[in-house]
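**Q** Take the sequence shown: its letters are residues -27 to -1, 1 to 258, numbered as in mature numbering (1 follows the signal peptide of the UniProt record, and there is no 0).
Glycine included, every Cβ here is placed at the ideal spot set by N, Cα and C.
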Amino acid sequence: MKKSFSRLLTSILCVIMFFSIIGCNNSKNENKATKSPDVFPITDDESSEDYAKHFRIIKDINVAGSGQFTPAQLKNATDKIGSDLSITVVDLRLEPHGFINSSPLSFYKKDGKINSGLTTEETISEETNKLAQLNNENTLTLYDKNGNEVGTKDIERVYSEQTLCNELKLKYMRFATEYEEVPSTKTVDDFVSFILNEPKNSFLYIHDFNGEARTTTFMAMVDIMKNYKSTSFESIIEKHFKESGFDLKSDTKTYNFLEGFYKYCTESTDLLKISYSTWIKSKNS
């Protein structure tokens, strides 16, 4: 009787241990499946369309705009703009990004605030380091914006947007601006100086990730600088709504910023001598 009870007890303990081990392993596997790095790589829109999302050209101010493009889409866009113009790609993205093989690649955080507070120079440095690290790998694990693994991609080549522009014989400028934010005063100063020193035959291709808020804001800034003497602020805002489908009035912060930028242009007789940051300080003093 005692032997039978002992064997029964031993069997029960073995069963308990077996299921405990299985449960532990399942827990580890679940944690492994759901865990993602704080900053993780995602692939951007790999649309087979000829042009990037929200692509448009506004000929009267020599500016085009869109969301993030593939290498093929950039080539198509520049062909459409025309080879007789000096084209500069204006990259507004604060988030580090580049290309893996022929696909656009971004680094992301779940809260969307990657690189928050960094300058353009710091953004480029951070981006360069991240892309260089990938060049040492053979395979890249990709995630969606929620941090869930979605697959892997064999790495043949990792390169920056500036490298792509160099290969296509395009100029490249970066004015890093945070998603859903207006540009910093320093960024505005730099952008104004850049626009004022561009040759007459130049053409700008401005882009961010989606081709909406940031892109439309900077395209409107170019329009304001070129046409503030002859065109009302509201007319410029309405024009860019029709061209892009994005309503700059929908975000109070952006609308107020652009209204202030229009006033800066109208009140400054020489934009090269009076910077935006100086004008802002004079208004706040």
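Roughly how many angstroms separate the alpha carbons of N200 and T92, rounded to a whole number?
**A** For this step, residue 200 is matched to residue 227 along the sequence shown. For this step, residue 92 is matched to residue 119 along the sequence shown. Going by the C-alpha atoms only, they are around 29 Å apart.
**Q** Identify the continuous beta strand (DSSP E) that holds I73 and give its terminal residues.
**A** To locate residue 73, count along the sequence shown from 1; it is residue 100. That run of the beta strand (DSSP E) goes 70 to 73.
**Q** Should A25 and G184 be called a contact, given that it needs their Cβ atoms to be closer than 8 Å?
**A** As a working note, residue 25 is residue 52 in the sequence shown. As a working note, residue 184 is residue 211 in the sequence shown. A contact, by the Cβ cut-off of 8 Å.
**Q** In whole angstroms, what separates the C-alpha of Y116 from that of S21?
**A** Counting from one through the sequence shown, the residue named residue 116 turns up at place 143. Counting from one through the sequence shown, the residue named residue 21 turns up at place 48. Each residue's Cα considered, the two are about 21 Å apart.
**Q** In or out: A186 buried (at least 16 other Cβ within 10 Å) or exposed?
**A** As a first step, residue 186 is located in the sequence shown; it is residue number 213 there, counting from the start. With 16 or more Cβ atoms within 10 Å of its Cβ, A186 is classed as buried.
**Q** To which residues does DSSP link K144 through a beta bridge?
**A** As a working mapping, residue 144 is identified with position 171 in the sequence shown. Answer is T61, bridged to K144.
**Q** The beta strand (DSSP E) that contains P14, what's its start and end?
**A** As a position in the sequence shown, residue 14 is number 41, starting the count at 1. Element bounds for P14: 13 to 16.
**Q** Could you pull out every residue in the same chain whose Cβ sits closer than 8 Å to the Cβ of M146, ignoring the five residues on either side in sequence?
**A** Position 173 of the sequence shown, counting from 1, holds the residue named residue 146. The answer, listed in chain order, is T61, V62, V63, D64, F167.
**Q** Taking the straight line between their C-alpha atoms, what separation do you get for D243 and G124?
**A** Working through the sequence shown from its first residue, we reach residue 243 at position 270. Working through the sequence shown from its first residue, we reach residue 124 at position 151. Their backbone Cα atoms lie some 54 Å apart in a straight line.
**Q** Could you tell me how far apart the beta carbons of Q41 and H180 are, in whole angstroms, since I believe they sit closer than 8 Å?
**A** In the sequence shown, counting from the first residue as 1, residue 41 sits at position 68. In the sequence shown, counting from the first residue as 1, residue 180 sits at position 207. Indeed, because the Cβ distance is near 6 Å, the residues count as touching under 8 Å.
**Q** Alpha carbon to alpha carbon, what distance is there between K144 and R130?
**A** Translated into the one-based positions of the sequence shown, residue 130 becomes position 157. Translated into the one-based positions of the sequence shown, residue 144 becomes position 171. Cα to Cα, the separation comes out at about 22 Å.
**Q** How long is the line joining the alpha carbons of D162 and K83, rounded to whole angstroms?
**A** Translated into the one-based positions of the sequence shown, residue 162 becomes position 189. Translated into the one-based positions of the sequence shown, residue 83 becomes position 110. Computed Cα separation, rounded: 31 Å.
**Q** To the nearest angstrom, how far is the alpha carbon of E211 from that of T204?
**A** Locating residue 211 in the sequence shown gives position 238, where the first residue counts as 1. Locating residue 204 in the sequence shown gives position 231, where the first residue counts as 1. Those two C-alpha atoms are separated by around 11 Å.
**Q** What does the Cβ neighbour count give for S75, buried or exposed, with the cut at 16 atoms within 10 Å?
**A** In the sequence shown, counting from the first residue as 1, residue 75 sits at position 102. It counts as exposed.
**Q** Could you name the residues of the same chain whose beta carbon sits closer than 6 Å to that of S59, not counting the 5 residues immediately before and after it, in chain order?
**A** Here residue 59 is taken as the residue at index 86 of the sequence shown, counted from 1. Here the set comprises N174, S175.
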